[in-house]
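Note sheet for the following structure.
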Amino acid sequence: MNDFTDATPIATPEQFRVALLAARQGMTEVQLKLLQAHCRSADRTASIDRLAQQLSLPNPSGARTAYNNYAHAIADGLKFVPAALAKKPIWLFAIAYGQPNANSKMDGDFEWVMRPELVQALEAMRWA
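Number 122 marks the last residue of the sequence shown (my numbering); no jumps.
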């Protein structure tokens, strides 16, 4: 297990709602589609590369960057600083955590489980 498989809640559904609304102005269409596709994935679990493929995005690397940037905005709204890997914060940890059996290789195939509190916020806001 690594720090990125810790499913301990970092915020309440209401705190996620506030952070989502604060980040909404800067949200791109791709970021919203990635967020929704992740929320709609089986067991709310997906890799970023798989999400990019599902959405027929031309560049998985661009999708990873877009989703990381959006997760960073959510983290900022929550005033949450995630754990780092090689001294670089893993912003996706603000919206998801790794499967318990995940390895530490955090590439585009790393499986992320969307935080249940975020799912609750998205469903309440009808963004899911």
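For glycine and all other residues, C-beta sits at the position ideal for the given N, C-alpha and C.
Alpha-carbon to alpha-carbon, residue j and residue i
i: F(-2); j: A16; result: 25 Å
i: P52; j: D43; result: 11 Å
i: M21; j: L72; result: 16 Å
i: A60; j: K27; result: 11 Å
i: P110; j: G56; result: 26 Å
i: Q9; j: L116; result: 12 Å
i: L13; j: K81; result: Sequence check: residue 13 is Ala here, not Leu. Cα to Cα, A13 sits roughly 25 Å from K81.
i: M(-5); j: W106; result: At M(-5) the pLDDT is 40, less than 50, meaning the model places this residue with poor confidence; the figure from the coordinates comes in the next sentence. When rounded, the distance between both Cα atoms is 14 Å.
Residue i versus the options, residue with shortest Cα-Cα distance
i: A88; options: D70, A80 and N95; result: D70
i: P94; options: R11, S50, A118 and T39; result: T39
i: I4; options: H32, R11, F74 and A65; result: F74
i: A46; options: A80, D37 and R58; result: R58
i: M119; options: Q25, Q30, T2 and Y64; result: Q30
i: N63; options: Q114, G92 and P83; result: P83
Residues bridged to residue i [DSSP beta-bridge criterion]
i: K82; result: L79
i: V107; result: T39 and Y91
Closer than 8 Å: residue i CB and nearest the ligand HEM heavy atom
i: I89; result: Here there are no bound small molecules, and the ligand HEM is not part of this structure.
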